[in-house]
Amino acid sequence: MTELLTGLSQEVVSGIALGCIYALVALGFTLIYRATEVVNFAQGELMMVGAYVNFFLVSRISANLGITGAWMYFIAFMGALLFAIIFGIILDLVINRPLRDQPVFSVIMATISISIILRALVAMIAGPFTHIQSSPFGDGVVSFNKIAISVQDVFIIFCAIVLVILFYIFFRKSRWGVAMQATSADPTAAQLMGIPVKKVYRLVWIFATLVATVGGILLAPKTLLDTNIGFIGLKAFPAAVLGGFGSVPGAIFGGVILGIIETISAGTLSYHFAWIKEINDVIPWLVLIAVLMVKPDGIFGIAKVKKV
Amino acid sequence: MLKLVGVETFYGKVKALHGVSLEVQKGQLVCILGANGAGKTTILKTISGLVSPEMGTVRFEGRRIDQMDPEEIVALGISHVPEGRRIFPELTVYENLLMGGFLIESGDLLRERLEATYDHFPLLKKRRHQLAGTLSGGEQQMLAISRALMLKPKLLLMDEPSLGLSPLLVRNIFRTIRRLHESGVTILLVEQNVNLALQIADYGYVLSNGKIFISGTYEELIEEEKVREYYLGEGKYIRRSRLWSG
Amino acid sequence: MPDLLIDNLHIHFDGVIALDDVSLTVKSGEIFSLIGPNGSGKSTLFNCINGFNRPRKGAIRFGGINLLRKKTHEIPLLGIARTFQNLQNVPYMTVLDNVLLGAHLRISKRDTVKRWLSRKQRVAEEALALEIMDLLGIANFERKYLLGQPFGIRKLVEIARALVSRPKLILLDEPAAGMNDQETIEIAKIITEIRNELGITVLVVEHDMRLVMRISDRICVLDSGKVITIGKPDEVKQHPEVVKVFLGEGTDA
Amino acid sequence: MKGRYEDEKLFWIPVLIAAVFLLPFLLKGMTNSYRYYLYVLNIAGIYMILTVGLDLLSGYTGLISLGHAAFFAIGAYLSAILVDQGGLPFELSLIIAPLLTGLFGLVIGFPALRLEGMYLGLATMGFGFIVKRMIIALRQWTQGSNGLQVSSPHIFGFTFRNDWDNYFLIYTGVVLTVVIARRMVRSKLGRAFMAIRDSERAAEAVGIRLAKYKMISFFISGVFAGFAGVLFAHTSHFISTDHFDILLSVYFIIMILVGGVGSIYGAVLGALFIVLLDNLAIPLFKDWLQTFITVEAGDIQSLIFGLIMFLFIIFQPTGLYGLWLKVRIYWKLFPFNPRKRFS
Amino acid sequence: AKKELTPGVTDTEILIGNIQDLSGPMKELGYLLPAGANLYFQYINDQGGIYGRKIRMLVEDHQYNPQKAVAAAKKLIEKDQVFCLYQVIGTSTSEAIIPILEEYKIPLVAPATQSGTMSRPLRRYIFQTDTGYDKQMNVLIDYILRQDKNARIGLIYQDDNYGANALKGAAEAEARHKITLQKESYQRGASDFSGQVGNLMKGGATHVIIAGIVREPIIIMKTAAAMGYRPQFLGLSPTMDHRVAIAAGPAGEGYIAANFAPLWNSDAPGPVLYRKLHDKYADPKTLPLGMYSYYGFATATVLVEALKNAGKDLTRASFLQALNSLDYKGGSFPDFKWTRTNHGSSGKVVLVQVKNGKQVEISDWLD
Ligand SMILES: Nc1ncnc2c1ncn2[C@@H]1O[C@H](COP(=O)(O)OP(=O)(O)OP(=O)(O)O)[C@@H](O)[C@H]1O
Ligand SMILES: Nc1ncnc2c1ncn2[C@@H]1O[C@H](COP(=O)(O)OP(=O)(O)OP(=O)(O)O)[C@@H](O)[C@H]1O
Ligand SMILES: [Mg+2]
Ligand SMILES: [Mg+2]
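Chains as they are written, first to last, in the working numbering: chain A, 9 to 316; chain B, 127 to 372; chain C, 10 to 262; chain D, 11 to 353; chain E, 21 to 387.
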């Protein structure tokens, strides 16, 4: 019994860490969706780019400046964030500006093409090799009561929670947050209110690249760095939808729930029920579809109002 | 204050305005009349920057504004109550008003304006936390007008503000418009309710197929046979297919 | 042709009582107007008749059938068609196709198959739509796409779409809103033609008092979801409460 | 009064069909490696059948599907199993397998009754993953993730052995599909679809049963995809779950977008364009580029693909069909560019 | 009578076609394998080629998609007119082109997959150089049981056709030894293995075989170390990557992987020549030494030997004949013999262990 409990709690803890990564991607989806109704299929690739930039900076800083240790990671982190801001502005210019008057669906397709381009470009610049990104916390592990969690994972959870709270407050309380919603509902009317729609768009793209970069930097040490890590975006979709696309608390909720489901079904569940193995990788989707059948707008989503 | 000279506006390849020139003096209430599809809305959109003219100039207080972004134009003091209200359906009434006052930096001023608005339309205060999308047509219209008034504009553009309102409210709205006008706001009004509109307007322009075709004061316009015929329903019978021949 | 009987209808949306024990009867062959201040529940009543809103209690009967038991899409089958205050049409379809949409139920399955094979069948199907469009004066728009058409035309397309199903009862939600005086007169004529020539009962919501007074056989005034009065135009016009909440003093209607 | 069919010009349709069937002979006369080009065209043809169905669903009914590769896979596997293991004649499988796929469409369409926009898109994407998993789990029939060898098409004693034969089989299917789809969208059915897309309220008010028509749309779309799947399985002789992944579903969406959402010819053009681009144009372009810059990685190929797609969306958002219409009636505003259709 | 021209063969050139994943999940290999093969081709060409014919290789991309592999094969065969196919990567991609091989009667030499299904049952036109995953599993389990009779063995496998082939080998070994393995699966691309590792810990496995690629053994071993679980980890040939040793750090010490060819930095004749050619032709910045480029190199030696054996009059028939009787003793692979009825490899495996962060061979050739 206790063995089962320790096993389960270990899986829950790992699942939360994994789920926070999903939550960071989902948060990126949410930000862009909130203001533009665009589902950004390139979010995973933004994450990949962020991770690569960070990797490049880390190796450059240690090689060229001779700085190592915590400072190296810190400077690289800041550098990557700076890059993310510039990158966000570029993306806004490239994707959003020209497509402002086009159907949302065209923009969604444009994000798909951007994801293809980014994957190819990064591979061409950085070469086809898979890299190893070390964690600033090394292999440090915190354990209590037979349950182990790496320091890296603790840091991931911390970052995810901080970011979610920040954005939640932003959307709830700030003028700009409400303006983003107004822009998504009716960009034309928003302009007539004096809301600088272009700035709003630029802002969300910057936010999205920032969140993605943080996510990428956090994810890379957990796995290896190659141009395909962006495919985690696909796994974050059910997380984003489960919580309600466009909802900030929904992002973290959906991410964590699916993270836990994933680890438990791969662990305890499949230990006791062998057939679970067959459906392991579609369990998130099964959960998602089941939830949507009951709540068509996700758990935290709000239904659109239409008046005739 | 506002001056349009030879404005030509296109929707894609369709020309909607064929060289429109008109002028609004400071403190005036000017009214634009015209049949369905004549281009009234397009004039207002051109002024507020939602579409930009291919030809001609738009000047506001001497400055050219025809290539500016809508948000810059709003900041200059031109508010637009768009056709079909365009309130934000997923925001509450309060948030809608908040957005109307987006450019107001000071919190106190914002609160003051909000209170003023609620005084003006007490109904909105009652519905403050309702999602704007669930308001009735008239309520939405009130919201749209008060939203535009949040900024205390110098020039107010109104596109068919009485559309879908009950007679009592129509009169209320017109009274409000007149009051605003008297308090010094310059207004450019588009209306189908020709009688009422011309009664309060200082000057009127009649638009037909994207061109100004007559202009003048109420007295002058009311004398024009064509105006009476087309807009006041007093003329000879016009075949339906001609009436709506777009 | 049956009457429309509305009995004790009550509906509210989180807190807002939209209809409060509304009872009225629309007699067959009548032009019945529904007026009232904004937000008094007129559109909501339409929505109840046509099944978009589900009232808490009450009944709506048409030809002995309780409409509240029917699903939205079954209502037109009983011969009730409607237009919308916020236009609901298909911008990326031609005007003709938009009108033909109304004929959905009239085209039987067998016709569908025949239509696939024979062009004659297709032309015949369209003849009816064109006839109605001609009645409304928009026949020359048939091939144009609805997108970018003026508001007035789109409004008429809605009416044509409702008419093409040859209903027994038609619900018009503010047909004259956004029309100028000349056009409003035309709309008034159209509504009388609908009743006189096509023999369709008309229930109309409208704010333009001249139109209402001119065409209505009877008028019902709603306020805050309650019926204030029902009666002939002249009676209603004089009713003090109506003057107070709806018309305002010194009306010029 | 003039109905719109009065001056409809039909003469060029047989001309076009004739051209389709004469093309292989022309190719044969022109090049020795014509069989490769035929193969590429065959793939395009199969995708055309599928994208026409997808367009009916997404373009006309406004129900976005990001799981269409799943229907494709179901059609392919069903037919492979029915014919090779169940002994069903191919002729019958050509009818039965698509119909069964259509039934799957009904199942997958079920959430569509409640879901909208991207929620539906992601639910269908989920179904894509689930179907793939199901195929693997049924390894008794499907060989799991190992893939399945499939026999050649065999109709009334004639076996379609190579790309030449397959071309005629596939393009007969394409012509049939296009004709049927064109008829559908111009009938009561098509109007109902478009009404559902643009205003569910209006649709209900004229007596269209939303649930029924959404299901019909999923069914038809499933049938078309299943039909494409059957042709795919038997003409390429090998199917494996690796092929039917989410990227393929996205490709299909790209095809209808590039062609022009909401037009049958657009879907056909889009499939043709993307397949030709991917197989013929990009390799040429890559070789040309590599004479200037030395890049080792094959990523240049995806880069070009991504770039072309991107530029296309930016500069020709109405799709290929929109482009063609512009050329034909340059001055006329054509609304093949629905705003916010999927939002 | 004039001799029928063989496609892809002229007096000065032999054109061969290679289909790799250049932009998909395996693009690293897509770069390294052809680069390694080209080392040897360049060496042969510099010596004057094969009977005066130089080897030229075209590489197409299939992104790990069977349909694209078919398209690429058709293009290479029909349009570019290659002589034969070589090193097509992936199992389902290679299987997808079998009908084409049969239609055109073109051999595929050394498909870059260790799935046993490539040569068992016999495929007429496919010639495999690598020892199958199923065989590798057998060898590993035999090895474990030789070391520790009471070992409890766990297996973590990738849930696709790679894993399926490993499971097949596991089933054979289970039957032979009358044991049962504790099996845990994961999905391609997974980045968390705490569930699987926890289960193995619960099940008390003393030896864990990982049928993964690079990322999985690293994360699995780290996760286990964090949980304080320290079984002996072993893995199939794809986990032989040197980055496993680097990235797993202390957790990966002692890790044993099976390999179907000599270790690239060992003293066998193949690796020695490989390093010599690498020195001569390659820029270590763009092409580092390692197992994948070695693998490309090694298969190239097999291809070239068969081409040589086919003689001066190179036709597809003579080439097939040469393949069907190839007796390989080149030293880049353990010796093997192809016959009309056997297109498989030697079936031998060498074990490689991480010691002090370096990989060393710890066994003879086992089978
Ligand atoms: N978005 C658009 N795309 C294409 N054409 C348009 C668009 N908007 C308006 N038009 C066309 O431009 C012309 C002028 O339209 P506008 O909306 O300015 O008329 P209006 O006078 O405001 O009519 P209404 O009384 O119906 O509001 C019309 O013929 C209309 O068809
Ligand atoms: N879905 C809904 N949710 C919440 N409240 C609603 C909803 N629909 C209508 N209401 C409320 O019900 C009341 C009646 O609305 P209704 O649309 O019927 O008014 P109306 O008489 O048609 O007014 P108008 O003449 O302005 O169109 C309004 O106060 C409105 O805010
Ligand atoms: Mg207008
Ligand atoms: Mg109403």
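Glycine included, each C-beta is placed from N, C-alpha and C at the ideal position.
Keep in mind it's a predicted model, so treat the numbers as computed, not measured.
Can you find a C-beta in chain C that's less than 8 Å from the C-beta of residue i?
i                     : result
residue 204 (chain D) : yes
residue 30 (chain D)  : no
residue 320 (chain B) : yes
Could one say the Cβ of residue i lies closer than 8 Å to chain B's Cβ atoms, at least one of them?
i                     : result
residue 262 (chain C) : The predicted model places residue 262 (chain C) with a pLDDT of 39, which falls under 50 and marks its position as unreliable, so this point remains unresolved.
Quick check: the Cα distance between residue i and residue j, rounded to an integer number of angstroms?
i                     : j                     : result
residue 217 (chain D) : residue 263 (chain B) : 25 Å
residue 268 (chain E) : residue 221 (chain E) : 19 Å
residue 219 (chain C) : residue 161 (chain B) : 19 Å
residue 180 (chain D) : residue 67 (chain C)  : 59 Å
residue 303 (chain E) : residue 77 (chain E)  : 20 Å
residue 20 (chain A)  : residue 155 (chain A) : 10 Å
Please name the residue or residues paired with residue i in a DSSP beta bridge.
i                     : result
residue 347 (chain E) : E:357
residue 185 (chain B) : B:129 and B:190
residue 90 (chain C)  : C:179
residue 253 (chain E) : E:228
residue 75 (chain C)  : C:70
residue 298 (chain E) : DSSP output for residue 298 (chain E) lists no bridge partner at all.
residue 158 (chain D) : D:249
residue 151 (chain A) : A:156
Let me see if you follow: with CB-CB separation under 8 Å, is residue i close to chain E or not?
i                     : result
residue 51 (chain A)  : no
residue 139 (chain D) : no
Residue i: buried (16+ other C-beta within 10 angstroms of its C-beta) or exposed?
i                     : result
residue 339 (chain D) : Caution applies to residue 339 (chain D), whose pLDDT of 39 falls short of 50 and renders its modelled position unreliable; the model cannot decide the point.
residue 22 (chain E)  : Unreliable positioning characterises residue 22 (chain E) in this predicted model, as indicated by a pLDDT of 46, which lies under 50. The coordinate reading is nonetheless provided below. Classification of residue 22 (chain E): exposed, given that the 10 Å Cβ count is below 16.
residue 347 (chain D) : Reliability of the predicted coordinates at residue 347 (chain D) is poor, the pLDDT of 31 falling under 50, and the value obtained from them is presented with this limitation in mind. When all chains shown are included, residue 347 (chain D) counts as buried.
residue 141 (chain E) : exposed
residue 25 (chain D)  : exposed
residue 250 (chain A) : buried
residue 103 (chain D) : buried
residue 245 (chain D) : buried
residue 137 (chain B) : exposed
residue 41 (chain E)  : buried
residue 281 (chain A) : exposed
residue 151 (chain A) : exposed
Do residue i and ligand 5 come close, with the Cβ less than 7 Å from some heavy atom?
i                     : result
residue 195 (chain B) : Absent from the structure shown: ligand 5. Ligands present: ligand 1, ligand 2, ligand 3 and ligand 4.
For residue i, decide whether its Cβ has a neighbour in chain A, counting only Cβ atoms nearer than 8 Å.
i                     : result
residue 225 (chain E) : no
residue 254 (chain D) : no
Taking 8 Å as the threshold (beta carbon to beta carbon), is residue i in contact with chain D?
i                     : result
residue 210 (chain A) : no
Runs of alpha helix (DSSP H) lying entirely within the region 195-266 of chain A, each at least 4 residues, in chain order:
The region 195-266 of chain A contains these whole alpha helix (DSSP H) runs: 195-200, 205-227 and 240-251.
Could I get the ranges of all uninterrupted beta strand (DSSP E) runs contained in the region 155-242 of chain E, with 3 residues as the minimum, in chain order?
173-178, 202-206 and 227-231
What residue ranges within the region 54-100 of chain A form continuous alpha helix (DSSP H) runs of no fewer than 4 residues, ordered along the chain?
You should have 77-99.
Continuous beta strand (DSSP E) assignments of at least 3 residues falling wholly in the region 16-56 of chain C
Counting only runs that start and end inside the region 16-56 of chain C, the beta strand (DSSP E) elements of at least 3 residues fall at 25-35 and 40-44.
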